[in-house]
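Enquirer: One structure, pasted below without further comment.
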Amino acid sequence: MKTPLHPEPAVSDDKGRKIEILRAAAQLFHQKGFHATSMSDISKAVSLTKPGLYHYVESKEEMLFAIMDHAMNLLQETVIIPAQAMSDPEQCLDLIIEMHAALVMKDRVITILTDEMAGLNPEHFELLIQRKQEYFRLLRGTLEQLQATGKIRSLNPTVMAFSIFGILLWLPRWFVPGGDLTRDEVIHQVKQVIYGGIMQPS
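Note that our numbering gives residue 848 to position 13 of the sequence shown, counting from 1, and the numbers run on in steps of one.
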């Protein structure tokens, strides 16, 4: 039997239903691209009429921003805040690499959607850029601290920071859950690659 449409959702279910809609939208944006995905596609995916869908969201752009903002909130909670609380830069770098890698391999679709930032309006685009820059400054500052102690090579901190982010952000594109390597094995080897490139020989 076909799942019935729900043109007028119950108010008490709004929060959970909106999360369901955002996850479905994220999957569609990932599969088809933001611009190629229509509101009709999203409404069908969650068994709502288009009027029912507009009860929860005003536009595709609002959904895209909500998804990306959610991804940044996860990053803030699991990586940035714990890293900022650490006084040891070596432990801080280790936490950033480990927790960021674990996060992007767990929520693969959401994290990949950072490629769709061009679909955001200027205000939302700027908000996300500011949050990303805060994270970048944290990583670069950590690398600068390690350089000051002589623990890492005399490479440009900006180059190192972007290179580390490049490795981490590419993980969800090739990592296959249930494949030859477990998440922990991947994280361990990613650390070896990064540390092998930036650390001073012991």
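Backbone N, C-alpha and C fix where the C-beta goes; we use that ideal spot for every residue, glycine too.
This structure is a prediction, so every number in the text was calculated from the model and none was measured.
For the alpha helix (DSSP H) containing VAL914, list its first residue and its last residue.
Expert: It is not in any alpha helix (DSSP H) - VAL914 carries neither H nor E in the DSSP assignment.
Enquirer: In chain order, what residues of the same chain lie with their CB nearer than 6 Å to the CB of LYS853, ignoring the 5 residues before and after it?
Expert: TYR891
Enquirer: Just list the alpha helix (DSSP H) runs in the region 950 to 1021, keeping only unbroken ones of 4 residues or longer that don't cross its boundaries, in chain order.
Expert: Complete alpha helix (DSSP H) runs here, min 4: 957 to 983 and 992 to 1009.
Enquirer: By the 10 Å Cβ neighbour count, where 16 or more other Cβ atoms means buried, how is GLN965 classified, buried or exposed?
Expert: exposed
Enquirer: How many angstroms separate the CA atom of PRO842 from the CA atom of PHE869?
Expert: For PRO842, the pLDDT reaches just 45, beneath the cut-off of 50, and the residue's location in the model is therefore unreliable, although a value from the coordinates is still provided. Each residue's alpha carbon lies about 24 Å from the other.
Enquirer: Taking only the alpha-carbon atoms, compute the straight-line gap between GLY988 and SER922 and give it to the nearest angstrom.
Expert: Strictly speaking, residue 988 in this sequence is Arg, with Gly absent from that position. Their backbone Cα atoms lie some 21 Å apart in a straight line.
Enquirer: Return yes when the Cβ of ILE856 is within less than 8 Å of the Cβ of ILE877, no when it is not.
Expert: Yes, they are a contact pair.
Enquirer: So who's on the other strand from MET1034, going by DSSP bridges?
Expert: Residue pairing from DSSP places MET1034 in a beta bridge opposite ILE987.
Enquirer: Check whether the region 970 to 980 and the region 908 to 926 touch, using three or more Cβ-Cβ pairs below 8 Å as the test.
Expert: yes
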